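Colleague:
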Amino acid sequence: MIIPGSAVTPKVRGDLAADFDVGRVRQDFPILGEKVHGKPLVYFDNAATSQKPQVVIDAVHRFLSTYNSNIHRGVHDLSERATEAYERGRKKVQRFINAAESREIIFVRGTTEAINLVAHSYGRKHIRAGDEIVISTMEHHSNIVPWQILCEQTGAALRVVPINDAGELQLDGYEKLLTPRTRLVSIVHVSNALGTINPVREIIRLAHDRGVPVLIDGAQAVPHLRVDVREIDCDFYAFSGHKVFGPTGIGVLYGKAELLEAMPPYQGGGDMIKTVTFERTLYNDVPYKFEAGTPHVAGVIGLGAAVDYVGGIGLEKIIAYEHELLEYATNALSAIAGIRIIGMAQEKASLISFVLDGVHAHDVGTILDHEGVAIRAGHHCTMPLMQRFGVPATARASLAFYNTKEEIDVLVQAIYKAIEMFG
Ligand SMILES: Cc1ncc(COP(=O)(O)O)c(C=O)c1O
């Protein structure tokens, strides 16, 4: 395992990880003091949703209890304060992913809605019968189904990049799929089922060499990597607030300004217009053109607090510490007889999917739950990927920076219990 795309030496990484005070950080997350079935909670379901630090809870609480109001249209004090906080949230997200302008940040419900927005708006405008859209074998359903719907509606076709047995995208296979018919590439940054970190800079460069725009599904990347949309030069980047320690129901679509400007609206309604008559509607400027209706104001404020919090800890320290956790967990789990880890990419985020001989993933999940350990069992919304590995489901432990090696020890003991009961 290599630290994602960085030139950080093991020594620097070790120093960064040693400088990370996990005990102190855990105090920021009230839920981590909870008990489940009488046992201390060990939360390893971070890829599904992450826990929230007190600063996020407080920011949302403060908004709802002291200046809750609708935004943009109000002339009163509360509305002005809410509007300022909402637009401040946009600027915080802009800085977090290093977008060139705040109007390139569009607030949506989550990664799923962000991808659907691009499929509807960009897709319907630019994609025709005979065109091709390139995705990969390791996509989440939310980066498959919107494109299938678009293909059904337009007569375009999906092309799927193969992966190897370690769960790494095959770049030569990818290049072969880029043809004069390719209109869009949409690839996941970090796989939610394997942990694989894809070489997005290279993927984007190869597409751009042929004039093809690229959407990156960053749902699992933003909590674990430093994402710089200008450095990777993606055209669209999608992520969800709830996976990066913010609230549910809020997410982000980043798009290059010139692309967003040229795209038609996704939904019609209030706020996305300048003027309306029964004959004709003049649409609002970007980003408001894509934010029809009352947005999730509390969600944006919470997300702003979350990205500030992550930035305050420092992503380099988070990356280094999570690397140590992943290494520790991989060694500990690999030592268990009858376990098979699905996804052994060279570049990997802190997530381990596994199957146990003779024990169904759901049974593993249930036994672990009784030990206070929350993992996820199932297909992880990646059914084609499960087929690729010939398994119906995996058990998945996904780690965050507030997890510890001691918690991994609890996981390992609980897996032995599952083997004892079912194996
Ligand atoms: C890689 C990936 N893409 C997309 C999604 C969808 O995110 P959301 O349900 O927040 O829209 C997820 C959620 O698990 C994911 O892991």
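FYI, the numbering for the sequence shown is 369 to 791, going by the working numbering.
Note that CB positions come from ideal geometry on N, CA and C, so glycine has one too.
None of the values given here were measured: they were computed from a predicted structure.
Based on DSSP bridge pairs, tell me the residues matched to Arg764.
Modeller: Locating residue 764 in the sequence shown gives position 396, counting from the first residue. DSSP lists Ser721 and Arg744 as partners of Arg764.
Colleague: Should Leu650 go down as buried or exposed, given a rule of 16 or more other Cβ atoms within 10 Å for buried?
Modeller: Counting from 1 along the sequence shown, the entry for residue 650 is found at position 282. By the neighbour-count rule (16 or more Cβ atoms within 10 Å), Leu650 is not buried but exposed.
Colleague: Going along the chain, which residues of its own chain have a beta-carbon closer than 8 Å to the beta-carbon of Gln538, five neighbours each way excluded?
Modeller: Translated into positions along the sequence shown, residue 538 becomes position 170. Closer than 8 Å at Cβ, skipping near neighbours: Val529, Pro530, Ile531 and Asn532.
Colleague: When DSSP labels each residue in this structure, what does Glu500 get in the three-state scheme?
Modeller: The residue you call residue 500 lines up with position 132 of the sequence shown. Looking at Glu500 - three-state DSSP - the assignment turns out to be strand.
Colleague: Please report the distance separating the alpha-carbon of Val424 from that of Ala666.
Modeller: On the sequence shown, residue 424 is found 56 positions in, with the first residue counted as 1. On the sequence shown, residue 666 is found 298 positions in, with the first residue counted as 1. Their Cα atoms are separated by approximately 10 Å.
Colleague: Here's a check: name, in chain order, each residue in its chain whose Cβ is nearer than 6 Å to the Cβ of Val780, leaving out the five neighbours to either side.
Modeller: Along the sequence shown, one-based indexing puts residue 780 at 412. For Val780, where only same-chain residues beyond five positions count, the Cβ hits under 6 Å are Ala700.
Colleague: Could you work out which residue in Cys602, Ala386 and Leu671 is closest to Gly478 when comparing CA atoms only?
Modeller: Residue mapping note: residue 478 aligns to position 110 of the sequence shown, counting from 1. Among Cys602, Ala386 and Leu671, the Cα nearest to that of Gly478 belongs to Leu671.
Colleague: Have a look at Ala742 and Pro632 and give me their C-alpha separation to the nearest angstrom.
Modeller: As a first step, residue 742 must be located in the sequence shown, where it is residue number 374. As a first step, residue 632 must be located in the sequence shown, where it is residue number 264. One C-alpha to the other measures close to 42 Å.
Colleague: What span of residues does the alpha helix (DSSP H) with Val486 cover, start to end?
Modeller: Indexing the sequence shown from 1 puts residue 486 at position 118. It spans Thr479 to Val486 - the alpha helix (DSSP H) in which Val486 sits, taken as one unbroken run.
Colleague: Would you call the segment 633-647 in contact with the segment 731-742, where contact means no fewer than 3 C-beta pairs closer than 8 Å?
Modeller: Output reads no: the segment 731-742 does not touch the segment 633-647.
Colleague: Under 8 Å Cβ to Cβ from Leu627, same chain only, skipping five residues before and after it: list those, please.
Modeller: Translated into the one-based positions of the sequence shown, residue 627 becomes position 259. Tyr490, Pro581, Asp603 and Phe604.
Colleague: Hey, could you find the ends of the beta strand (DSSP E) Asp577 is sitting in?
Modeller: Indexing the sequence shown from 1 puts residue 577 at position 209. Asp577 -> not in any beta strand (DSSP E); alpha helix (DSSP H) instead, spanning Val568 to Asp577.
Colleague: Does ligand 1 have even one heavy atom less than 7 Å from the beta-carbon of Asn560?
Modeller: Mapped onto the sequence shown, residue 560 falls at position 192. True, at least one ligand heavy atom lies under 7 Å from that Cβ.
Colleague: Please classify Asp389: is it buried, with 16 or more other beta-carbons within 10 angstroms of its beta-carbon, or exposed?
Modeller: As a working note, residue 389 is residue 21 in the sequence shown. Looking at its Cβ environment, which holds fewer than 16 other Cβ atoms inside 10 Å, Asp389 is exposed.
Colleague: Could you check if Gly711 is buried or exposed, using at least 16 other CB atoms within 10 Å of its CB as the buried criterion?
Modeller: Position 343 of the sequence shown, counting from 1, holds the residue named residue 711. When all chains shown are included, Gly711 counts as buried.
Colleague: As an exercise, report each continuous beta strand (DSSP E) stretch of at least 3 residues that is fully enclosed by the segment 529-613, in chain order.
Modeller: Entirely contained in the segment 529-613, the beta strand (DSSP E) runs reaching 3 residues are, in chain order, 550-556, 582-585 and 604-608.
Colleague: Would the beta-carbon of Gln588 be found less than 7 Å away from any heavy atom of ligand 1?
Modeller: As a working mapping, residue 588 is identified with position 220 in the sequence shown. True, at least one ligand heavy atom lies under 7 Å from that Cβ.
Colleague: In this structure, does DSSP put Phe475 in helix, strand or coil?
Modeller: By 1-based counting over the sequence shown, the position of residue 475 is 107. Phe475: strand per DSSP, three-state reduction.
Colleague: Shortest alpha-carbon distance to Ser418 belongs to which of Ala761, Val675, Val723 and Cys749?
Modeller: As a first step, residue 418 is located in the sequence shown; it is residue number 50 there, counting from the start. The residue with the shortest Cα to Cα distance from Ser418 is Val675.
Colleague: Looking at the unbroken beta strand (DSSP E) that takes in Leu650, where does it start and where does it end?
Modeller: Position 282 of the sequence shown, counted from the start, is the residue given in the question as residue 650. Per DSSP, Leu650 belongs to the beta strand (DSSP E) from Thr649 to Tyr651.
Colleague: For Lys773, which residues in the same chain have their Cβ closer than 6 Å to its Cβ, ignoring the five residues on either side in sequence?
Modeller: For this step, residue 773 is matched to residue 405 along the sequence shown. Answer for Lys773: Tyr696, listed in chain order.
Colleague: In chain order, what are the residue ranges of uninterrupted beta strand (DSSP E) at least 3 long that sit wholly in the segment 618-650?
Modeller: Complete beta strand (DSSP E) runs here, min 3: 619-623 and 641-644.
Colleague: Judging by CA-CA distance, which residue of Asp725, Ile687 and Arg708 is the nearest neighbour of Ala717?
Modeller: By 1-based counting over the sequence shown, the position of residue 717 is 349. That would be Ile687, whose Cα lies nearest to the Cα of Ala717.
Colleague: Which two residues bound the contiguous beta strand (DSSP E) that contains Ile710?
Modeller: Position 342 of the sequence shown, counting from 1, holds the residue named residue 710. That run of the beta strand (DSSP E) goes Ile707 to Ile710.
Colleague: May I ask which residues mark the beginning and end of the alpha helix (DSSP H) holding Glu452?
Modeller: Taking the sequence shown and counting its residues from 1, one reaches residue 452 at position 84. Glu452 -> alpha helix (DSSP H) spans Asp445 to Ile465.
Colleague: If you check the beta carbons only, do Asn771 and Phe397 fall under 8 Å apart?
Modeller: Within the sequence shown, the letter at position 403 stands for residue 771. Within the sequence shown, the letter at position 29 stands for residue 397. Result no, Cβ atoms of Asn771 and Phe397 do not sit closer than 8 Å.
Colleague: Do Pro615 and Ala768 have their CB atoms nearer than 8 Å?
Modeller: Here the question's residue 615 lines up with position 247 in the sequence shown. Here the question's residue 768 lines up with position 400 in the sequence shown. Not a contact, by the Cβ cut-off of 8 Å.
Colleague: Closer than 7 Å by C-beta to Pro372: which residues in its own chain qualify, once you throw out the five before and the five after it? Chain order, please.
Modeller: Translated into the one-based positions of the sequence shown, residue 372 becomes position 4. Here Pro372 scores only 47 on pLDDT, less than 50, and its place in the model should not be relied on; the value that follows carries that caveat. Around Pro372: Ile565, Leu593, Ile687 and Glu715.
Colleague: Return the chain-ordered list of same chain residues with a C-beta closer than 7 Å to the C-beta of Ala314, the five sequence neighbours on each side being excluded.
Modeller: No information on residue 314 is available, as it lies outside the stretch 369 to 791 that the chain covers here.
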